[in-house]
Every structure is written in C-alpha cells, then in structure tokens.
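J.:
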Amino acid sequence: MKHPRGKRYDPEFKLRLAKEFAETDKTLEEIAQENGISSKTLNNWTVKYRKEGEDAFFKGSRGGSFIRDPNKIPPVLYKELGLDKISENPSDLKGPFTEKEKLLLEIAEYKLQVKILQEALKKKRETE
229 MKHPRGKRYD
239 PEFKLRLAKE
249 FAETDKTLEE
259 IAQENGISSK
269 TLNNWTVKYR
279 KEGEDAFFKG
289 SRGGSFIRDP
299 NKIPPVLYKE
309 LGLDKISENP
319 SDLKGPFTEK
329 EKLLLEIAEY
339 KLQVKILQEA
349 LKKKRETE
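Residues 229 to 356 (our numbering) make up the sequence shown, in order.
Put into structure tokens, the structure is as follows:
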C-alpha cells in the first residue's frame, strides 16, 4: 500500500516501529509491510532512533527542546540551572539520558527560559 508523498506519522508510531526493529529479529521490510509504510521511511526512523534515542521523534511535537545541546550552556549557568546534579563536567553531558536526567534537563530548560524572560522584562522596563 502506498501513501501519498508527505504523509505525516505521529511520533509514537515512529518510535514503536523503530523500537520494534531494534528489539526484534524482524527485517525492515517485514515491519514496513505490516504497517503499510515504505522500508526507506522506516530505515530513516531507525537511524534517527539509534542516534537520538527515545526522544528522537518528539522534539517538534512536544514543543521542542530549548536546550538542544546542553554542552553549549554557559558555565556560569551550569550550576545555577541544576545541571551539576546530572554531571559535574558539562562536556560529559551527553544522551541518551535516564528519566531522572531528562527531568532535570527539563527543569533546567524552564529555569533558563524564566531567566531569559526576566532579562527581557528588565530591559523593557528600562526603556519605558
């Protein structure tokens, strides 16, 4: 069965199929055929899953990660954001992350957003 060009699949579906391929002895072709997608599409998903892990398909639909690369966070903010609870050394902060680490990163992300908004508000008040 062929799907029209540009068909969108939900992230859970992509993750389920990529995990199925990674965790079973089924071939790409078998899984693709069972689910009505092309093996090329499934291959793209499995490559992405191998590189990025469980969150590979959720970046856009979950609002995206504000902190795309935790290593790029300025060192002065590293401890303030609580990232030192994950790793003492920022260069060691690499995925895949445990559930606790993901939550700590999410908290750090929110703290950073608040800090940015506070600075923007402060600048706006100074210009008024």
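Glycine included, each C-beta is placed from N, C-alpha and C at the ideal position. Because the structure is a prediction, the values reported are computed rather than measured.
Expressed to the nearest angstrom, what Euclidean distance is found between the alpha-carbon atoms of SER289 and VAL342?
T.: The residue given as residue 289 occupies position 61 in the sequence shown. The residue given as residue 342 occupies position 114 in the sequence shown. With a pLDDT of 41 at SER289, under the threshold of 50, the modelled position of that residue is not reliable, and the figure given next carries that caveat. A direct Cα-to-Cα measurement between SER289 and VAL342 gives close to 21 Å.
J.: Give a yes or no on whether the C-beta atoms belonging to LEU245 and PHE285 are separated by under 7 Å.
T.: By 1-based counting over the sequence shown, the position of residue 245 is 17. By 1-based counting over the sequence shown, the position of residue 285 is 57. Result no, Cβ atoms of LEU245 and PHE285 do not sit closer than 7 Å.
J.: Assuming PRO248 and ILE259 form a contact by the criterion Cβ under 8 Å, report the distance between their Cβ atoms to the nearest whole angstrom.
T.: Residue numbering aside, residue 248 sits at position 20 when the sequence shown is read from its first letter. Residue numbering aside, residue 259 sits at position 31 when the sequence shown is read from its first letter. Note on identity: in this sequence residue 248 is Glu, with Pro being the wrong assignment. At roughly 6 Å, the Cβ-Cβ gap stays under 8 Å, so GLU248 and ILE259 are in contact.
J.: Taking the alpha helix (DSSP H) that PHE249 falls in, what are its first and last residues?
T.: Residue 249 sits at position 21 when you count from the first residue of the sequence shown. Segment 239-251, the alpha helix (DSSP H) holding PHE249.
J.: Please decide whether LYS352 counts as near chain D, where near means a Cβ-Cβ distance under 7 Å.
T.: Checking the listed chains, one finds no chain D in this structure; it contains a single protein chain.
J.: Below 8 Å on the Cβ atoms is my guess for GLU257 versus SER267; work out the distance and round it to an integer in Å.
T.: Stepping through the sequence shown from its first residue, residue 257 is reached at position 29. Stepping through the sequence shown from its first residue, residue 267 is reached at position 39. Confirmed, about 5 Å.
J.: Inspect the beta-carbon positions of TYR336 and LEU309 and report whether they are closer than 7 Å.
T.: For the purposes of this step, residue 336 is taken as the residue at position 108 of the sequence shown. For the purposes of this step, residue 309 is taken as the residue at position 81 of the sequence shown. The sequence shown places Ala at residue 336, not Tyr. Contact flag set, yes.
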